[in-house]
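Notes follow once the structure below has been shown.
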Amino acid sequence: MNRTCPACGAAQGRVLRTMRYALFDDSTLPRRTRITLCQDCGFVYADSEATAQDYLAHYRRNSIYAAAHEVRAGLSPQAQAPLVERAHRFISQLPPSATLVDIGAGSGDFLQVLGGLRPDVRRVALDPDPRCVAALQASGLDARLGSLDDLPASLAGQADAVVLSHVLEHLWSPLEGIAQAAALLKPTGVLYVETPDRQGYGEHPNVPFYYFDPEHINHFAVQDHARLGARAALAMQAQGRSTLTLAGGVTYPVCWALLRRSHTAADAPLPPTDPCSLERHLLEQEDRLRRWLASACQVLAATDSAIIVWGTGSQAQRVLAEGLLDACKVLAFVDSDASKQGRRLAGIPIMAPDQGLALAPLAPVAILAARAASASIRRALAASHPDRQVLALDALAD
Ligand SMILES: [Zn+2]
Numbered sequence: 002m003n004r005t006c007p008a009c010g011a012a013q014g015r016v017l018r019t020m021r022y023a024l025f026d027d028s029t030l031p032r033r034t035r036i037t038l039c040q041d042c043g044f045v046y047a048d049s050e051a052t053a054q055d056y057l058a059h060y061r062r063n064s065i066y067a068a069a070h071e072v073r074a075g076l077s078p079q080a081q082a083p084l085v086e087r088a089h090r091f092i093s094q095l096p097p098s099a100t101l102v103d104i105g106a107g108s109g110d111f112l113q114v115l116g117g118l119r120p121d122v123r124r125v126a127l128d129p130d131p132r133c134v135a136a137l138q139a140s141g142l143d144a145r146l147g148s149l150d151d152l153p154a155s156l157a158g159q160a161d162a163v164v165l166s167h168v169l170e171h172l173w174s175p176l177e178g179i180a181q182a183a184a185l186l187k188p189t190g191v192l193y194v195e196t197p198d199r200q201g202y203g204e205h206p207n208v209p210f211y212y213f214d215p216e217h218i219n220h221f222a223v224q225d226h227a228r229l230g231a232r233a234a235l236a237m238q239a240q241g242r243s244t245l246t247l248a249g250g251v252t253y254p255v256c257w258a259l260l261r262r263s264h265t266a267a268d269a270p271l272p273p274t275d276p277c278s279l280e281r282h283l284l285e286q287e288d289r290l291r292r293w294l295a296s297a298c299q300v301l302a303a304t305d306s307a308i309i310v311w312g313t314g315s316q317a318q319r320v321l322a323e324g325l326l327d328a329c330k331v332l333a334f335v336d337s338d339a340s341k342q343g344r345r346l347a348g349i350p351i352m353a354p355d356q357g358l359a360l361a362p363l364a365p366v367a368i369l370a371a372r373a374a375s376a377s378i379r380r381a382l383a384a385s386h387p388d389r390q391v392l393a394l395d396a397l398a399d
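Using the working numbering, the letters of the sequence shown correspond one by one to residues 2 to 399.
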């Protein structure tokens, strides 16, 4: 084992499942991870032969939010509602002209929503991706290059609120991440954290093992934020569970917490989280994956021509590792995410969709993506190549 429990520090863990991933040929992430249950606190995390440096190298190279550097002109009401809800969890506590720092601001959606609700708040966006920063600046925000381990010194102790949304699940040490974020707070400031909610995985189904991907190495439940906060001398002020709405109306479970500096000793240890629901979830996913692979192999076997595969995200990475395409001739992968184009997955080149599809005008296109992403692939395919034969692996029942 390379990791101790990221929530409580315990070294004792029980392996629930080994995840396998086909990764980009140049990836520094592990091809196998062990989904591990902490015997002491019930936290769930991915362990492997990889080290903190392997993950650091990965994120230095591929910003978490690299695909989100276009600032959108407007959000759909469906996508906006959870962000308004998020803002209302703490904006009433912000003094006039407060300073708020969003670490990993990505497309800046949340800051745009916040600006509409509290125009007086000084909003600072930090992101490790220069393209994100440029797009955020172009939209009029105070955006700076930075990440948790490289925070601008000028912001230390300056923030009335720090937002750490969908960052902690990526970190080798979420405790260190929380402590680094808290260093930006004024003594009276609040830290808002939000992560996927493992207790909601089963209630918001997607493709099998959707919530387990190479980058999400910490699986939080609502109690875990309090556990981490206490270790970083932060007291829980409020917490809860909610959902986000992704493209195509796909829902995604999240849990959140509002933390404040605390000078009192940590409270009594929190009781462990019930591990049974996640173990049950993993067993269900195992069955769903077997059924899905059997259906997908049938679809592929009925095609005797070489194919193009659209999608190189975590769904492709999971099912390729299960041998899905071993018996197929794949001419190319295509993906509209420019940061993936020019790389290789399982030795096969990844191209821009128009470039890949032009290679073989008659080749069927297999769609390999989770539910939110497949909706946009279908739209793009219908718009630019309406006559192309589609192998709808994204629409298989399992
Ligand atoms: Zn633990």
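Cβ coordinates follow ideal geometry from the N, Cα and C atoms, glycine included.
Note that the structure is a prediction, hence the values are computed from the model and not measured.
7 Å CB neighbourhood of G250 in its chain, flanking five on each side removed: Q79
Segment contact, 8 Å Cβ cut-off, at least three pairs: the stretch 351 to 367 with the stretch 219 to 231: They do not touch, by the three-pair rule.
Of the listed residues Y212, N207, V208, Y193, nearest to R199 (C-alpha basis): Relative to R199, the option among Y212, N207, V208, Y193 whose CA is nearest is Y212.
Alpha-carbon to alpha-carbon, R345 and F334: Going by the C-alpha atoms only, they are around 8 Å apart.
As assigned by DSSP and simplified to three states, the class of A162: strand
Presumed contact (8 Å Cβ cut-off) between L369 and Q316, rounded CB distance: 6 Å
T313, buried or exposed, once every other Cβ within 10 Å from all chains shown has been counted against 16: buried
Collapsed DSSP secondary structure at C133 in the structure displayed: helix
Quiz: which residues have CB nearer than 5 Å to ligand 1 non-hydrogen atoms: That query returns the following residues: C6, A8, C9, A11, C39, D41, C42, F44.
Whole-angstrom distance between Q13 and E323, CA atom to CA atom: 29 Å
Residues of its chain near I308, where Cβ-Cβ distance is below 8 Å and the 5 sequence neighbours each way are ignored: If we look at I308 and ignore the five residues flanking it on each side, its Cβ neighbours are L301, C329, K330, V331, L332, A364, P365, V366, A367, L392.
Test item: CB-CB of Q40 and T100 under 7 Å: no
Proximal residues to L118 (C-beta, below 8 Å), its chain only, five neighbours per side dropped: V85, A88, H89, I92
Bridge partner(s) assigned by DSSP for T52: None, per the DSSP bridge assignment.
Limits of the alpha helix (DSSP H) - the one that A383 falls within: 372 to 385
Buried or exposed by the 16-neighbour rule on C-beta atoms within 10 Å, applied to S306: exposed
Short Cβ contact (7 Å threshold) for N219 with E170: yes
Distance, T252 Cα to E177 Cα: 29 Å
Residue burial classification, N417 (beta-carbon count within 10 angstroms, cutoff 16): Nothing about residue 417 can be reported from this structure: the residues present for the chain run from 2 to 399 only.
For E216, the first and last residue of its enclosing beta strand (DSSP E): That residue, E216, is in no beta strand (DSSP E); it is neither H nor E in DSSP.
Cβ-Cβ distance between L127 and Y193 below 7 Å: no
contact_flag[the stretch 144 to 164, the stretch 97 to 111] where n(CB pairs < 8 Å) is 3 or more: yes
Contact check, T274 vs Q318, beta carbons under 7 Å: no
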